[in-house]
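Novice: Chains as they are written, first to last, in the numbering used here: chain G, 1 to 267; chain C, 268 to 535. The C-beta atom is built at its ideal place from N, Cα and C for all residues, glycine as well. As the structure is a computational prediction, the values presented were derived from the model and not from experiment. Encoded as structure tokens, here's the structure I'll be asking about.
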Amino acid sequence: MRELKFHIKMYGSLLKMTMKGILQYRTDFWISLVSVVLLNGANIVQLSVISWRFKALGNWQVGDLLVLYGLFMISWSIFSVFFRKLSKIEEEIVNGSFDVYLLRPVSPFLQLVGGDINYTGLCDTIMGIALVMTGLVMTGIQWDWKKICWFIIFVLSGGTIVVCLRFLISCVTFWMTKAGALSSLFTQIYLLTQKYPVTIFGRGFRFLVTGLVTVAYLNFYPAVYLLDKPDAPYWLCRIAPLIAMGWVVIAAVVWHIGLQRYNSSGG
Amino acid sequence: MKTFWAFLRTEQRSVGFYRMDFLLKVLYSLIAMYGVRSLWSVLYAQDPAIVGRPLSSMITYAMLAVALDIIFYPSALSTAPQNYIAGQVRTGRIDTDLLRPMDLQKQLLARNGGAALFGAVWLVLPAWFIGVLFFGMELPPDLLYGAAFLVSGILSFLILFSLNFILGLVCFATTDIRQITMAYSGILTILSGKLIPNWLYPKWMQALINVLPFRCIFETPLNIYTGAVSSAGIGYSLLLQILWAAVLIILGKGMWLGVHRYLTVQGG
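In structure tokens:
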């Protein structure tokens with residue numbers, strides 16, 4: 001318990017230091033907001049034109065598609081705001097700055113994560129929330145308190161899943177030096193689930209994003225439940241927190257094995 | 268032309284070192300091709316009349332767009348003029364480019380053209396081949412269309428190169444073009460017919476697209492490949508592409524001469 005308190009205090013002070021560092025670049029925030037809108041704009045236009053011409057994509061109307069896209073952005077932003085440093089483990093190991101963490105008396109994980117808060121990632125959150133709200137207005141669905149609770153649970157679970165997956169991909173660096181390829185492969189897969197409801201894809205792909213890579217839990221399953229869609233059984237949607245916890249356990253185990261391996265090879 | 272082959276040979280040499288990377292890049296675009304194939308199959312099942320052409324032709328259009336995107340995405344190649352100029356301006360090495368006995372525009376065209384041709388052979392061709400074998404992509408209706416597609420593809424590249432070059436010149440004024448590049452990539456994605464075929468847009472938007480050069484980059488070669496234009500229409504399409512390429516190359520040249528004069532004043 002005392003140890004946990006210590007860790008939380010340490011994380012707090014690390015964050016405070018980083019915040020002070022980046023607050024000097026305030027215009028960065030506005031520039032990033034514009035870029036986020038521009039980058040995602042093409043996809044939003046595509047989804048809008050398709051649903052305008054074809055009335056819907058499968059049984060997903062334009063509002064549903066906006067919620068689907070927005071949910072993904074919100075969950076993803078948890079990673080990009082607080083944990084983006086995790087995807088830089090490769091870099092840190094290669095240039096040797098990772099060794100510094102191992103020498104200090106605070107857990108290397110905390111040092112890695114506390115060393116960076118990327119508040120330009122908040123632009124993703126803002127745009128995601130805007131899309132979800134627009135989508136909800138268009139579909140005319142109103143969330144009761146229960147749905148709102150589930151929304152928060154889904155976002156936290158989705159965020160945890162992204163963080164763990166990105167983290168695991170980076171951990172591959174402990175074993176092989178090129179994790180970049182794996183990360184791009186992951187990107188290609190989630191780009192499809194971010195935009196389109198996975199029901200338009202074949203059984204194999206659906207299994208891949210549900211059972212193996214689980215990126216469908218960032219937006220598809222939450223959206224099915226929150227928008228009362230018939231695309232998947234609700235129990236499959238509501239196990240999102242369990243899946244997130246599963247990934248946390250796997251990530252923790254891999255991290256510890258990786259650290260041990262790193263020690264031995266460094267010694 | 269000699270310089271072009273020299274740059275091409277340097278690109279060619281790198282393939283042995285990065286064979287794995289090439290395989291992966293092809294794999295990435297196969298995933299994206301699978302995505303658009305699923306998308307259009309679902310939309311076609313919903314309403315074939317709106318798609319307006321046979322399913323096989325539509326998925327060929329969409330999948331070939333994804334395959335071409337490997338080399339036609341504005342900043343896909345590290346040798347793309349705007350990437351190159353931005354890098355040189357930031358590090359201040361642009362003066363070495365000016366010292367060379369060849370005009371900057373030609374230099375960059377040779378460099379980027381070599382990389383693009385190389386990418387076409389080693390990345391687009393395999394993706395296309397797998398698409399034809401396993402994803403139900405069609406071949407062009409006949410040899411004439413196939414040949415016209417290749418010519419049109421080269422013209423597409425020239426138009427894209429010229430637009431990129433003009434974008435790169437903006438860098439001399441602003442030193443950082445990352446945000447402008449994102450806006451430009453977004454516009455190109457929407458207006459080039461890559462993501463959404465132009466005939467699905469509202470009428471006013473189609474009118475706008477028709478007077479802009481962007482559709483010449485993706486829509487024109489793709490329509491030729493899928494046989495959506497008549498054989499008489501091919502001539503007109505290619506002529507329009509040649510016209511745009513000429514206008515943009517001259518515009519880029521003019522802008523570069525202007526920038527160059529300004530640079531000399533700065534240096535003097």
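Contact criterion: CB-CB distance below 8 Å. Does Gln446 of chain C meet it with respect to chain G?
Specialist: yes
Novice: Spatial neighbours of Ala232 of chain G within its chain, please: C-beta separation below 7 Å, excluding the five flanking residues on both sides.
Specialist: Tyr221 and Val224
Novice: Around the C-beta of Pro469 of chain C, are 16 or more other C-beta atoms found within 10 angstroms, so that it is buried, or is it exposed?
Specialist: exposed
Novice: Going by alpha carbons, who is nearest to Lys88 of chain G out of G:Pro241, G:Trp247, G:Leu168 and G:Val254?
Specialist: G:Leu168
Novice: Under 7 Å Cβ-Cβ, which residues of chain G neighbour Met449 of chain C?
Specialist: Ser35, Leu38 and Leu39
Novice: Skipping 5 residues on each side, what residues in its chain have a beta carbon closer than 7 Å to that of Ile491 of chain C?
Specialist: If we look at Ile491 of chain C and ignore the five residues flanking it on each side, its Cβ neighbours are Tyr412, Ala415, Phe416, Ser419, Ile501 and Ser504.
Novice: For Thr214 of chain G, which residues in the same chain have their Cβ closer than 7 Å to its Cβ, ignoring the five residues on either side in sequence?
Specialist: Ile161 and Ile243
Novice: So Gly460 of chain C and Arg445 of chain C are supposed to be a Cβ contact under 8 Å. How far apart are they, rounded?
Specialist: Not really, about 25 Å apart at Cβ, beyond 8 Å.
Novice: Does any CB atom of chain C fall closer than 8 Å to the CB of Phe29 of chain G?
Specialist: no
Novice: Once DSSP output is grouped into helix, strand and coil, what is the label at Trp143 of chain G?
Specialist: coil
Novice: Would you decide whether Ser170 of chain G is buried or exposed? Buried here means 16 or more other CB atoms lie within 10 Å of its CB.
Specialist: Classification for Ser170 of chain G: buried.
Novice: Any idea which residues DSSP pairs Trp60 of chain G with across the strands?
Specialist: G:Leu57
Novice: If Arg320 of chain C sits next to Ala495 of chain C, beta carbons under 8 Å apart, how far is it from one beta carbon to the other, in whole angstroms?
Specialist: Contact annotation, Arg320 of chain C with Ala495 of chain C: C-beta distance approximately 7 Å; criterion of less than 8 Å satisfied.
Novice: Assign Gly96 of chain G to one of two classes, buried (16 or more other C-beta atoms within 10 Å of its C-beta) or exposed (fewer than that).
Specialist: With fewer than 16 Cβ atoms within 10 Å of its Cβ, Gly96 of chain G is classed as exposed.
Novice: Please state whether DSSP places Asn95 of chain G in a helix, a strand or coil.
Specialist: helix
Novice: Three-state secondary structure (DSSP) at Arg320 of chain C?
Specialist: coil
Novice: Under 7 Å between beta-carbons, which chain C residues line up against Phe54 of chain G? List them in chain order, please.
Specialist: Leu310, Gln313, Asp314 and Ile317
Novice: For Met133 of chain G, tell me which candidate among G:Val67, G:Phe151 and G:Phe72 has the shortest Cα-Cα distance.
Specialist: Selection G:Val67, G:Phe151 and G:Phe72 evaluated against Met133 of chain G yields G:Val67 as nearest (Cα-Cα).
Novice: Spatial neighbours of Met325 of chain C within its chain, please: C-beta separation below 7 Å, excluding the five flanking residues on both sides.
Specialist: Closer than 7 Å at Cβ, skipping near neighbours: Trp307, Tyr311 and Val318.
Novice: Any beta-carbon of chain G closer than 8 Å to the one on Ala329 of chain C?
Specialist: No, Ala329 of chain C lies away from the interface with chain G (no Cβ there is under 8 Å from its Cβ).
Novice: For Gly58 of chain G, return the contacting residues in chain C, with the cut-off set at a CB-CB distance below 7 Å.
Specialist: Val309
Novice: Determine the chain A residues that contact Ser184 of chain G at a beta-carbon separation under 8 Å, and present them in chain order.
Specialist: Annotation note: the requested chain A is absent from the structure, which comprises protein chains G and C.
Novice: Does Gln508 of chain C pass the burial test, meaning 16 or more other C-beta atoms within 10 Å, or should it be called exposed?
Specialist: buried
Novice: Contact check, Met330 of chain C vs Val303 of chain C under 8 Å by CB: the rounded distance?
Specialist: So it is a contact: roughly 6 Å between Cβ atoms.
Novice: Taking Cβ positions only, does Gly302 of chain C come closer than 8 Å to chain G?
Specialist: yes
Novice: Runs of 4 residues minimum, wholly inside the region 209 to 267 of chain G: which ones carry the alpha helix (DSSP H) assignment?
Specialist: The alpha helix (DSSP H) runs lying completely inside the region 209 to 267 of chain G and spanning 4 residues or more are 220 to 226, 234 to 238 and 240 to 266, given in chain order.
Novice: Starting from the Cα of Tyr11 of chain G, find the closest Cα among G:Ile93, G:Leu110 and G:Ser75 and give me that residue.
Specialist: Of the candidates G:Ile93, G:Leu110 and G:Ser75, the one whose C-alpha sits nearest the C-alpha of Tyr11 of chain G is G:Leu110.
Novice: So, is Ile517 of chain C buried or exposed, given that buried needs 16 or more other C-beta atoms within 10 angstroms?
Specialist: The Cβ neighbour count for Ile517 of chain C, taken over all protein chains shown within 10 Å, is under 16; the residue is labelled exposed.
Novice: For a contact defined as C-beta to C-beta under 7 Å, what are the partners of Gln188 of chain G on chain C?
Specialist: Tyr295, Ile298 and Ala299
Novice: Does any CB atom of chain G fall closer than 8 Å to the CB of Tyr468 of chain C?
Specialist: Interface residue, yes.
Novice: Can you tell which of C:His527, C:Phe401, C:Leu427 and C:Leu365 has its C-alpha closest to the C-alpha of Gly380 of chain C?
Specialist: Comparing Cα-Cα distances from Gly380 of chain C to each of C:His527, C:Phe401, C:Leu427 and C:Leu365, the minimum goes to C:Leu427.
Novice: Less than 8 Å between CB atoms is the rule here; does Val49 of chain G satisfy it with respect to chain C?
Specialist: yes
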